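K.L.:
Sharing a structure below in structure tokens format, with a few things to ask.
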Amino acid sequence: MSEEIIHHNNGESRELSQHQALAAAHAFWERQQHDAHQQSLVAQQHEDQQRLHLFQQGQAVRAQEEVARRNEEIRQVAFRRQLERQRQDDDRRQQRERDWEHAQASRRQAEQQPLQQYRNYEAQPARQQAQQGQHAPQHTRLHNQQLPQAHSIQQSQRLTTPQGQNLVAMAQVSCSSPAQSRFETNT
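Using UniProt numbering, you'd call the opening residue of the sequence shown number 1 and step up by one each time.
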């Protein structure tokens, strides 16, 4: 009877030890699962932080690029405005120079106009005579040569005394015979 009791106790103790071993193994497995889950959570958090950090860095880079782009646009606009102002200043300066040169040319022309008119006036009879000499027929040239003689004859005809005596003829006679003129004066 006592042997049966001992054998039964040994069986219970073996069952108990197996149950304890299973419980311990299960607890170990649960701890491993918990640790793996914690490690996964930590890794996920770390990855999320890295992604957030990269996203923030990308945003900062994009913001810097946007600021640089706007600054470049502002610089380009200012540069174009400066070029436009410089072009307008150059155009105004060139227009002032053209106006000044035009005024100087007008002044010189106004100063030279009376002299040119006088030269044209002096050159006009010479041109007319040259044109008449080149283009006039033979009888016209002869007529032009006789005009001074006729003009002098007309002038001598007009120089008469109230008694109808020709002063030119009288002067020619007096100059040709001085003795006679002295005789006439004495008488």
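Just so you know, even glycine gets a beta-carbon here, dropped at the ideal spot from N, CA and C.
Please read these numbers as outputs of a predicted model, since none were measured by experiment.
For ASP99 and TYR121, what's the separation of their Cα atoms in angstroms?
P.N.:
About 32 Å.
K.L.:
Do you know offhand how far HIS102's Cα is from GLU73's?
P.N.:
43 Å
K.L.:
How long is the line joining the alpha carbons of HIS143 and GLN95, rounded to whole angstroms?
P.N.:
Residue confidence is low: HIS143 scores 45 on pLDDT, short of 50, so the model does not pin down where it sits. Its coordinate-derived value is still stated next. Whole-angstrom Cα-Cα distance: 60 Å.
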